[in-house]
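For the sequence shown, numbering that gives the first Met the number 0 begins at 0 and goes up steadily by one. Where is the CB? At the ideal position from N, CA and C, for every residue including glycine. A quick write-up on the structure given underneath.
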Amino acid sequence: MSLLSTSITYDKSTSLIMMTLRGCAGVEDVLNAYKAVKKYSESHGSNKVLVDVSELEHKFAAIDIVNVMPKVAHYVSNMQIARVVGFEGYMHDLFLQKVKRFGIHAENFECFKSAKEWLSNA
């Protein structure tokens, strides 16, 4: 039984793909989520993604991000990603740092409104 709840939608009025991840995520869960975002991006012709991970816990070690990031970067290349993160930000900050090393335009935010505004102006 999965400990992760994933929701992905497309808002036609803003051309934003919105993904919410809640629960506990392993490495494969993270890869599958960003793989799904890539499919949404391709099918809707949008490269702007708002990801809400404010209620997500990572059930893998920080060092695993080093190994998973090349795959995630492949899925999200040419996308702009705004991530709404919770207070437990260490893994979220590490994720952001690593994804930027692959040239991905991404930022972390503490609230949904700021993330959405950033994407609208990006």
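Note down the Cα distance separating residue i from residue j, rounded to an integer number of angstroms.
{"i": "residue 63", "j": "residue 43", "result": "31 Å"}
{"i": "residue 96", "j": "residue 106", "result": "9 Å"}
{"i": "residue 49", "j": "residue 57", "result": "19 Å"}
{"i": "residue 76", "j": "residue 65", "result": "17 Å"}
{"i": "residue 24", "j": "residue 46", "result": "24 Å"}
{"i": "residue 5", "j": "residue 117", "result": "23 Å"}
{"i": "residue 68", "j": "residue 101", "result": "8 Å"}
State the beta-bridge partners of residue i as determined by DSSP.
{"i": "residue 107", "result": "82"}
{"i": "residue 57", "result": "24"}
{"i": "residue 48", "result": "16, 80"}
Is it right to say residue i is buried, meaning 16 or more other beta carbons lie within 10 angstroms of its own, or is it exposed?
{"i": "residue 91", "result": "buried"}
{"i": "residue 12", "result": "exposed"}
{"i": "residue 113", "result": "exposed"}
{"i": "residue 121", "result": "exposed"}
If I measure Cβ to Cβ from residue i and keep anything under 7 Å in the same chain, skipping five residues before and after, which residues do I get?
{"i": "residue 61", "result": "90, 93"}
Given residue i, which residues of its chain have a CB within under 6 Å of its CB, disregarding the five upstream and five downstream residues?
{"i": "residue 22", "result": "2, 3, 4"}
{"i": "residue 71", "result": "33"}
{"i": "residue 129", "result": "Within the shown structure, residues of the chain are numbered from 0 to 121, placing residue 129 beyond reach of any answer."}
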